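The block underneath contains the structure these notes are about, expressed in structure tokens.
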Amino acid sequence: MHETAATPSAVPDAHSVEEAKRHMRTYAIVGVALIIGTILTVWASYINFGSREINIVAALLIASTKGFLVAGFFMHLISEKRLIYSLLGCTVFFFAALMYLTVLSMQKGSIVHIQ
Amino acid sequence: MEIPYAVKARPDTGLYNAKVGIWLFLASEVMLFGALFSSYILLRVNAEPGTWPLHLLNVPLGATNTVVLIISSVTVVFGWASLKMNKFSSYKIFQGITILCALTFLSIKSFEYRDKFNHYEVQLKNGAFADGHIDRAKTTKDLFVFEKARVVADPSELMSPPEESHLTAMQFPMAEIKDRADGKGKEIENYGPWHSTYFAIYFVLTGLHALHVLGGALVIAVIWGPLAKLWKTDPERYTNRIEVTGLFWHFVDLIWIFLFPVLYLT
Numbered sequence: 001m002h003e004t005a006a007t008p009s010a011v012p013d014a015h016s017v018e019e020a021k022r023h024m025r026t027y028a029i030v031g032v033a034l035i036i037g038t039i040l041t042v043w044a045s046y047i048n049f050g051s052r053e054i055n056i057v058a059a060l061l062i063a064s065t066k067g068f069l070v071a072g073f074f075m076h077l078i079s080e081k082r083l084i085y086s087l088l089g090c091t092v093f094f095f096a097a098l099m100y101l102t103v104l105s106m107q108k109g110s111i112v113h114i115q
Numbered sequence: 001m002e003i004p005y006a007v008k009a010r011p012d013t014g015l016y017n018a019k020v021g022i023w024l025f026l027a028s029e030v031m032l033f034g035a036l037f038s039s040y041i042l043l044r045v046n047a048e049p050g051t052w053p054l055h056l057l058n059v060p061l062g063a064t065n066t067v068v069l070i071i072s073s074v075t076v077v078f079g080w081a082s083l084k085m086n087k088f089s090s091y092k093i094f095q096g097i098t099i100l101c102a103l104t105f106l107s108i109k110s111f112e113y114r115d116k117f118n119h120y121e122v123q124l125k126n127g128a129f130a131d132g133h134i135d136r137a138k139t140t141k142d143l144f145v146f147e148k149a150r151v152v153a154d155p156s157e158l159m160s161p162p163e164e165s166h167l168t169a170m171q172f173p174m175a176e177i178k179d180r181a182d183g184k185g186k187e188i189e190n191y192g193p194w195h196s197t198y199f200a201i202y203f204v205l206t207g208l209h210a211l212h213v214l215g216g217a218l219v220i221a222v223i224w225g226p227l228a229k230l231w232k233t234d235p236e237r238y239t240n241r242i243e244v245t246g247l248f249w250h251f252v253d254l255i256w257i258f259l260f261p262v263l264y265l266t
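Protein chains in written order, with my numbering: chain H, 1 to 115; chain R, 1 to 266.
And the structure:
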């Protein structure tokens with residue numbers, strides 16, 4: 001089975017042009033949000049919350065929000081095909097397992113405990 | 001033989017080959033960086049108190065690099081959307097900005113690396129530590145000269161940046177500098193990957209990331225320049241290439257979004 005060759009002059013229809021313009025507005029808004037997020041990250045790192053752990057959690061929360069914006073909008077993960085979601089589901093599972101092992105290794109008595 | 005679904009999407013998945021391929025590659029990249037983040041967590045949690053630096057790296061430069069990568073991510077998607085609208089000249093401008101952003105990022109990163117390789121910690125015979133940037137022109141085999149430095153009694157004081165007003169030009173005769181325990185020279189060391197656990201993981205993580213930026217920028221530049229003639233013969237395939245390289249570029253941005261707070265701010 002072979003696909004047909006692309007037409008040399010692929011003139012987009014009015015609908016897809018409108019769609020692309022709408023997307024560009026969204027990308028610009030997301031870009032501004034990411035820059036604001038960066039400023040917020042730096043600002044939060046100099047705030048004394050009483051414990052360094054809270055600073056770390058705050059930094060990771062902001063980073064995760066920014067990561068969601070990049071993955072969701074720039075990488076189009078908010079409207080992707082099922083195969084991509086399945087593939088990413090496997091990745092998330094193995095990544096979570098890796099982080100679980102990391103946390104497990106920090107527990108006393110763990111078989112992978114580091115002295 | 002023609003390779004099927006190189007341009008058109010497979011009817012059952014709705015995806016063309018390259019898009020499945022790049023997502024599989026990105027999945028493997030998540031695990032690669034995941035393993036390194038896991039190493040970072042273990043090293044950080046098990047570090048002795050007073051041995052892990054805070055805000056020692058140049059935060060304004062790190063933040064600038066974050067903004068540079070965000071701008072490049074925006075221009076990548078703008079370039080792709082421009083091709084969807086059949087505006088090839090707009091795409092060329094946007095993707096050109098992306099390449100410039102990549103070069104800016106790498107320039108700032110190499111400036112930061114150079115700064116660390118010129119930053120020295122010297123252990124004195126009286127037990128104190130001198131810390132600052134070397135003056136290479138004035139340093140000889142008998143004299144170690146700092147452009148600007150501070151002297152501290154406790155090495156844990158070196159884990160945070162000094163007040164600029166506390167830094168002064170200093171020089172130490174080699175006779176005042178402590179000999180290494182193995183007898184091979186003096187206790188003089190720059191802030192390279194060998195300096196501490198923190199700098200080892202810092203250089204590994206940022207070095208690997210910088211290689212990704214370099215690789216991504218090269219591919220984007222080749223498609224933007226020499227391979228741009230494909231747009232005239234097969235625009236759909238060309239647009240797909242931009243989408244695929246864009247996915248890789250956003251991933252590189254995504255990794256930096258986590259690297260910046262982890263290494264520079266916490």
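By construction, the Cβ of each residue, glycine as well, lies at the ideal position given by its N, Cα and C atoms.
As the structure is a computational prediction, the values presented were derived from the model and not from experiment.
Find the residues of chain R that neighbour residue i, judging by a C-beta separation of less than 9 Å, and give them in chain order.
i	result
ASN55(H)	LEU265 and THR266
LEU60(H)	PHE258, PRO261, VAL262 and THR266
Could you tell me the distance, in whole angstroms, from the CA atom of residue i to the CA atom of residue j?
i	j	result
HIS209(R)	LYS81(H)	28 Å
PHE146(R)	GLY216(R)	38 Å
TYR16(R)	GLU236(R)	11 Å
GLU29(R)	LEU42(R)	20 Å
GLN107(H)	GLU18(H)	55 Å
THR86(R)	HIS212(R)	For the sequence presented, residue 86(R) should be read as Asn rather than Thr. Distance between the alpha carbons of ASN86(R) and HIS212(R) is about 29 Å.
THR4(H)	LEU230(R)	Residue confidence is low: THR4(H) scores 39 on pLDDT, short of 50, so the model does not pin down where it sits. No coordinate-derived value is stated.
GLY31(H)	ASP234(R)	30 Å
TRP23(R)	TYR5(R)	16 Å
ALA63(R)	PHE49(H)	21 Å
LEU103(R)	GLU112(R)	14 Å
LEU259(R)	MET24(H)	27 Å
VAL20(R)	LEU247(R)	11 Å
MET1(R)	GLY207(R)	41 Å
ARG180(R)	TRP194(R)	15 Å
THR110(R)	LEU218(R)	The displayed chain sequence assigns Ser, not Thr, to residue 110(R). Those two C-alpha atoms are separated by around 17 Å.
VAL152(R)	LYS21(H)	58 Å
ASP12(R)	VAL59(R)	48 Å
VAL7(R)	GLY14(R)	11 Å
ASN55(H)	LEU83(H)	37 Å
PHE93(H)	PHE144(R)	53 Å
ILE201(R)	LEU60(H)	18 Å
ALA9(R)	GLY225(R)	26 Å
PRO126(R)	GLN171(R)	A small correction: the amino acid at residue 126(R) is Asn; Pro does not occupy that position in the sequence shown. Roughly 15 Å between the two C-alpha positions.
Out of the options, which has the shortest C-alpha to C-alpha gap to residue i?
i	options	result
SER196(R)	LEU265(R), LEU56(R), HIS133(R) and TRP256(R)	LEU56(R)
ALA169(R)	ASP131(R), TYR198(R) and ILE177(R)	ASP131(R)
SER160(R)	VAL219(R), LEU54(R), LYS141(R) and VAL45(R)	LEU54(R)
LEU263(R)	SER45(H), ALA33(H), ARG25(H) and THR26(H)	SER45(H)
ILE223(R)	LEU265(R), MET174(R), GLN95(R) and CYS101(R)	GLN95(R)
PHE25(R)	LEU259(R), THR266(R) and VAL244(R)	VAL244(R)
ILE29(H)	SER16(H), PHE74(H) and ILE39(H)	PHE74(H)
THR66(R)	ALA33(H), PHE95(H) and ARG52(H)	ALA33(H)
PRO173(R)	SER107(R), ILE3(R) and THR140(R)	THR140(R)
PHE105(R)	ALA18(R), LEU83(R) and LEU61(R)	LEU61(R)
ARG136(R)	PHE129(R), ALA128(R), ASN126(R) and LYS148(R)	LYS148(R)
MET99(H)	PHE33(R), ASN46(R), ALA153(R) and LEU158(R)	PHE33(R)
LEU87(H)	GLU164(R), ALA200(R), PHE88(R) and ALA27(R)	ALA27(R)
PHE199(R)	VAL7(R), TRP52(R), GLU48(R) and THR13(R)	TRP52(R)
ILE36(H)	VAL204(R), THR266(R) and ILE70(R)	ILE70(R)
LEU40(H)	ILE54(H), SER51(H), GLU53(H) and ALA63(H)	ALA63(H)
PHE88(R)	GLY192(R), ILE242(R), PRO261(R) and TRP249(R)	ILE242(R)
VAL204(R)	LEU36(R), ASN240(R), ALA175(R) and ASP142(R)	LEU36(R)
TRP43(H)	CYS90(H), ALA96(H) and ALA58(H)	ALA58(H)
SER107(R)	SER39(R), ASN240(R) and VAL68(R)	VAL68(R)
Check the Cβ of residue i against every Cβ in chain R and list those closer than 7 Å, keeping chain order.
i	result
PHE74(H)	SER73, VAL77 and HIS250
SER51(H)	The premise fails here: SER51(H) is roughly 12 Å from chain R at the closest Cβ pair, so nothing lies under 7 Å.
Within its chain, find whatever has a CB closer than 6 Å to the CB of residue i; leave out the 5 residues flanking it on each side and keep chain order.
i	result
HIS166(R)	ARG150
SER156(R)	GLY50
Name, please, each residue of chain R whose Cβ falls closer than 8 Å to the Cβ of residue i.
i	result
TYR27(H)	VAL74, VAL77, PHE78 and ALA81
LEU104(H)	Ordered by position in chain R, no residue passes the 8 Å Cβ test against LEU104(H), which lies about 11 Å from the chain.
ILE36(H)	Here the premise fails: no neighbours, minimum Cβ distance about 10 Å.
GLY31(H)	ILE70, ILE71, SER73 and VAL74
PHE95(H)	VAL30, MET31 and GLY34
LEU120(H)	Residue 120(H) is absent from the model: chain H starts at 1 and stops at 115.
GLY67(H)	LEU254, ILE257 and PHE258
How would you list, in chain order, the residues of chain H whose beta-carbon sits under 7 Å from the beta-carbon of residue i?
i	result
GLY21(R)	Per Cβ cutoff of 7 Å: no residues; GLY21(R) is ~11 Å from chain H at best.
THR13(R)	LYS81 and LEU83
SER38(R)	LEU98, MET99 and THR102
ILE41(R)	THR102
Check the Cβ of residue i against every Cβ in chain H and list those closer than 9 Å, keeping chain order.
i	result
SER196(R)	Here the premise fails: no neighbours, minimum Cβ distance about 17 Å.
By Cβ distance, which residues of its chain are closer than 7 Å to residue i, with the 5 residues on each side in sequence left out?
i	result
MET31(R)	none
Short of 8 Å in beta carbon distance, which residues of its chain neighbour residue i, apart from the five on each side in sequence? Order them along the chain.
i	result
HIS133(R)	ASP115, ASN118, HIS119, TYR120, PHE146, GLU147, LYS148 and ALA149
By the criterion of Cβ-Cβ separation under 8 Å, what are the contact partners of residue i in chain H?
i	result
GLY132(R)	Simply none; closest approach about 24 Å.
ALA27(R)	LEU87, LEU88, CYS90 and THR91
Kindly confirm or deny that the stretch 56-72 of chain H and the stretch 251-263 of chain R touch, where touching means at least three C-beta pairs closer than 8 Å.
yes
Is the number of C-beta pairs between the stretch 181-193 of chain R and the stretch 110-128 of chain R that are closer than 8 Å three or more?
Contact between the stretch 181-193 of chain R and the stretch 110-128 of chain R is present, because at least three Cβ pairs lie under 8 Å.
Check whether the stretch 96-110 of chain R and the stretch 68-85 of chain R touch, using three or more Cβ-Cβ pairs below 8 Å as the test.
Using a Cβ-Cβ distance cut-off of 8 Å, the stretch 96-110 of chain R and the stretch 68-85 of chain R are in contact, since at least three pairs of beta carbons, one from each stretch, lie closer than that value.
Taking beta-carbon pairs under 7 Å, can you tell me which members of the stretch 51-69 of chain R lie near chain A?
Among the protein chains in the structure shown, which are H and R, there is no chain A.
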